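A short write-up of the structure that comes next.
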Amino acid sequence: MARVVGIDLGTTNSLVAYVDQGRPVVIRDKSGEGLVPSIVSIAVDGTAYVGREAQRRLLTEPERTVYSVKRFMGRGIDDVVGEAALLPFRVSGDAGGVVKIGVGEKELTPPEISALVLRELVRRAEEFFATLGEVDPDVSGAVITVPAYFNDAQRTATRDAGRIAGLEVLRIINEPTAASLAYGLDKRHAGLIAVYDFGGGTFDISILLVEDGVFQVLATNGDTHLGGDDIDRIFTQIVLDTLEQNGAVIHRNGAYDAELVQAIRRSVIQAKHDLSERDESDIRVDGFEVTADGRIQRAVGRQYRMALTRAGFERAIAPIIERTLAPCRQALADAGLEPEQIDEVVMVGGSTRIPAVRARVGELFGRTPHTELNPDEVVALGAAVQADILTTGNREMLLLDVTPLSLGIETMGGVTTKIILRNSTIPASGSEMFTTAVDDQTAVDIHVVQGERELVGDNRSLARFKLRGIPPMPAGLPRVQVQFQIDANGILSVTASELRTQVEQTIEVKPSYGLTDDEVERMLVDSFEHAEADFAARLLIEAKNEAESVVTATEKSLRASEFAEVATELAPGEQRRIEQALAGLKHVLTSEDKAAIEQWTQALNDATKHLAELMMNRSIRVALAGKNVDDVR
Amino acid sequence: MRVRELVWRVSADAPAYRTRTTAVELAVMSAENTSTLQVCRSCGGGAPIDVHFCPKCTKILALGRHGDYFSYFGLRRKLTIDGAELEQRFRTLSRQFHPDYFYNASPVERRASLERSSYLNDAYRTLRHPIARVEYLLQLEGMPAGGNADGGKHVPASLLEEVFALNEELDEIRELRAGGTSPDAWRPRLERARVPIEARRAAHETELQDLAARWDALIDRRADVGERRTVLEALRERMLERNYINNLLAGIERELAA
């Protein structure tokens, strides 16, 4: 039987999970990695690369590589102009229409790019099922997660991505709710749970009541444009400004040097991760040096370092953390709860690894948040459980989610009339009666919006449509009832009926920020060559993945605070040999030479063997020392 | 949202759910509901109006003809509802209707599951809140209190005195503010002006509760229409006053925030 899976389609990373004998499991590659970077790179010959290979190409071919595309899903160009400056890819589109992303000579929509990520996840799952000896390893359907605060256009764009990838989208579910499902599986807890989900590009807070296996969301809130990306952008900008103010050349053809921006961004992310474990780190930029008179200039083979302490980091990101707290308070208020009534707080998403985030959230709710689950994997696990519920009829658990934003229509004077209020349990429905304003009027314009604001212009426009063919009658006499139905995916559909006549009419609807059915059908991802389908290309990518793991581990060891302690035990010249092997491997990693990559990987492995032993011994000593202290007590 | 083609349907059965309904339409709806049968679209068999599954083929029934929110939950039309019990029933019914459990069912059943779940959610949202419950009851009984036509505009007779005093006070305060007097001078006056209005609101809560208890007693002893109408009219009067008081208090809040 074909399989179903759960997919967490993240801003930074995506992953896929399935249910094996009642337990959800993340599907991993050969090196044990479950995360697939949500990055797509399209080569000149049209070959599409997804994941870690695309991530590498971000440093060599930034203008052909797209990341964080989730931030553009279901959005218009006017929403995103502010953040395009630091992105290596072109962002364009007609005012009031769908965003287009330029990759080389192609113009793609965000759902098409997300579809490529989905295809890679499905391929990974099918390959895995084949190794299990399944007769039919095909993935027939998937539950895909979205941020709880995604609006209708963003949800629809995600569903479109699934369809473009050739997947049956079983259900769109909310990330924090999925997380609670995975979490509830383990704990069998009942009570009020707050899920704080701070990811790469989006922030969500959901308050749930869990009882009798029913996971009922009471309120949700968030910001679909707030995440770890924003932290990266702050520091990338700081480094760029510092370089520029000190005289370094960082522009190329009137714009920021895209390769430089990506190299800095990568280093910023590394430093950010370091600071979750240590008190200080630095942002390293290859190819620059500080001169004797304090200026910064380009210099091949040199490295510029900007020191960063945890305190300084926390000061800079405090406003971002603060921006997550207002939605938390609003969700609590909407649920009619005080922070201290929450029984448990669950942390989800990579950005909750930052100690300052944990501390601030702990302060708000007056309790230590749960961090024992892997914040990167828990959403995919929940999605897999939901896929299992839908296809096997497992009735142990039930998710009752809500719609995050009020749904309304434009009425006289550009005012929003709400029809379904935010935090209504879905499925939900509502209706509104329309009539005509002048005698013999035969058509009525209807504008559907989503949001909490009074004025239509401040809310999200979802669609406009015209009811035509109303029989000529005196003004105010026709009675046109428009019904709104939000389904279990949180996606809206509309039907209309005229109550006085028997006329049947067709209505054309133009989605404000979406694709039409025809467009979705035309966008076949099969038109791309998939590098992953080519055996030789795949072996090369696997060699590169392995090389990169070794590079990352080595760099981490060299930066670790423990390194200074064990360095004294290294043989003379040993550190230099490690650094040489590291540089050599990094150099060949940019090539397509599989043999050389494997050779240098081996060389670096050999060079670091002794260091790895020393580090290991040290951590064992520390662990044992810790134990002794405990025993004494 | 993607609706490429919509067909205006002139549906044979009464529109299943609506938020704003005129009194005339409500009368029509309740007339329809006096008929006690609905038809199963899966097997064509008949079923009582307030069951959710076909007694003959056990399939979920489409939400064509149905009673009201109270009967949907298997409750009598009373205003005192045990919150915990309502919640329990909501969970039980959710487990019976939810689309998650009909993913592989026929299109007719899937549609029915969506409709029943939506209606359940709408019903629960309404019945859970005591005030929304009263408003819904008044609507059901053909005397809605929420209409913008008479709500909020004319001053309820019982409130004339307070409203008159408040408006005088507000005028003076506005003059002080226009003259540039510091907020320290007029804020306390505004706070004081709120006190009698808030006292009226508290009194109203008690009156509403008493009326709700009277209504429930009438239902228990199956009182005649005349007696019921008296209580309903009193309830409606209180609700209109309540809306008016809330508007007044919101107005004071705005003045304080300005």
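Just so you know, the sequences run in chain order A and B.
Residues in the first sequence are numbered consecutively from 1, following the working numbering.
Residues in the second sequence are numbered consecutively from 1001, following the working numbering.
Note that the Cβ used here is the ideal one computed from N, Cα and C, for glycine as well.
Fair warning: this is a prediction, and the values are worked out from it, not measured in the lab.
- For the pair of segments examined, the stretch 463–482 of chain A was found to touch the stretch 427–442 of chain A: the number of CB pairs separated by less than 8 angstroms reaches three.
- Annotation note: the stretch 1140–1198 of chain B contains the following uninterrupted alpha helix (DSSP H) runs of length 4 or greater, listed N- to C-terminal: 1160–1178.
- Annotation: PRO1099 of chain B is outside any beta strand (DSSP E) and is labelled neither H nor E by DSSP.
- Taking a beta-carbon distance threshold of 8 angstroms, ILE389 of chain A counts as an interface residue toward chain B.
- Taking a contact to require three or more Cβ pairs closer than 8 angstroms, the stretch 1116–1126 of chain B and the stretch 420–437 of chain A qualify as touching.
- Put simply, the stretch 158–168 of chain A touches the stretch 106–123 of chain A. At least three CB pairs are less than 8 angstroms apart.
- With 16 or more neighbouring CB atoms inside 10 Å of its own CB, THR608 of chain A falls in the buried class.
- Under the Cβ distance rule, ARG1065 of chain B does not count among the residues neighbouring chain A, no pair being separated by less than 8 angstroms.
- Cβ neighbours of VAL146 of chain A within its own chain (closer than 6 angstroms, five residues either side excluded): ARG155, THR158 and ILE172.
- Along the stretch 389–403 of chain A, going in chain order, the ones with a CB nearer than 8 angstroms to a CB of chain B are ILE389, LEU390, THR391, GLY393, ARG395, LEU398, LEU399 and LEU400.
- Under the Cβ distance rule, PRO176 of chain A does not count among the residues neighbouring chain B, no pair being separated by less than 8 angstroms.
- Ranked by how close their Cα comes to the Cα of GLY141 of chain A, the residues A:ALA2, A:LEU582 and A:PRO369 have A:ALA2 in first place.
- Between PRO1130 of chain B and chain A, the shortest Cβ-Cβ separation is not below 8 angstroms.
- Interface with chain A (8 angstroms Cβ-Cβ cutoff): PRO1099 of chain B is included.
- In the structure shown, MET347 of chain A falls within a strand segment according to DSSP collapsed to helix, strand and coil.
- Contact of ASP1210 of chain B with chain A by beta-carbon distance below 9 angstroms is absent, the smallest such distance being about 25 angstroms.
- Take the alpha-carbon of ALA1199 of chain B and the one of VAL16 of chain A: they are about 58 angstroms apart.
- Within the stretch 108–171 of chain A, the complete alpha helix (DSSP H) runs of at least 4 residues fall at 110–131 and 152–164.
- Taking the CA atoms as reference points, ARG1201 of chain B sits about 27 angstroms from GLU454 of chain A.
- For ARG1095 of chain B, the residues of chain A that pass the 9 angstroms Cβ criterion are ASP212, GLY213, VAL214, ARG395 and LEU398, in the order they occur in the chain.
- Between LEU1127 of chain B and LEU1086 of chain B, the C-beta gap is smaller than 8 angstroms, which places the two residues in contact.
- At a cut-off of 3 residues, the continuous stretches assigned as beta strand (DSSP E) that sit fully inside the stretch 406–440 of chain A are 407–411, 415–420 and 428–434.
- Linking VAL566 of chain A to SER281 of chain A through their CA atoms gives a straight-line distance of about 18 angstroms.
- Non-local beta-carbon contacts of PRO1144 of chain B in its own chain, meaning distances under 6 angstroms to residues more than five positions away in sequence, involve LEU1138 in chain order.
- For ALA333 of chain A, the closest alpha carbon among the candidates A:PRO375, A:ALA359, A:LEU118 and A:ARG422 is that of A:ARG422.
- The three-state reading of DSSP puts GLY457 of chain A in helix, counting H, G and I together.
- A residue is called buried when at least 16 other Cβ atoms come within 10 angstroms of its Cβ; HIS1098 of chain B meets this threshold and is buried.
- For SER424 of chain A against THR411 of chain A, the beta-carbon gap comes to about 20 angstroms, at or over 8 angstroms, which does not count as contact.
- Secondary structure note for MET1239 of chain B: its alpha helix (DSSP H) is the uninterrupted segment 1225–1257.
- Contact between SER38 of chain A and THR65 of chain A fails: their C-beta atoms lie close to 12 angstroms from each other, not under 8 angstroms.
- Around the C-beta of MET616 of chain A, fewer than 16 other C-beta atoms lie within 10 Å, and the residue is accordingly described as exposed.
- DSSP assignment within the stretch 350–413 of chain A yields the following whole alpha helix (DSSP H) runs of 4 residues or more, N-terminal first: 355–365 and 378–392.
- Counting only Cβ-Cβ distances below 7 angstroms, LEU455 of chain A has no contacts in chain B at all, with the closest Cβ about 18 angstroms away.
- None of the residues of the stretch 1214–1233 of chain B has a beta carbon lying less than 9 angstroms from any beta carbon of chain A.
- For ASP445 of chain A, the nearest beta carbon of chain B is not closer than 8 angstroms to its own beta carbon.
- Under the 8 angstroms criterion on CB atoms, ALA567 of chain A is classed as non-interfacial with respect to chain B.
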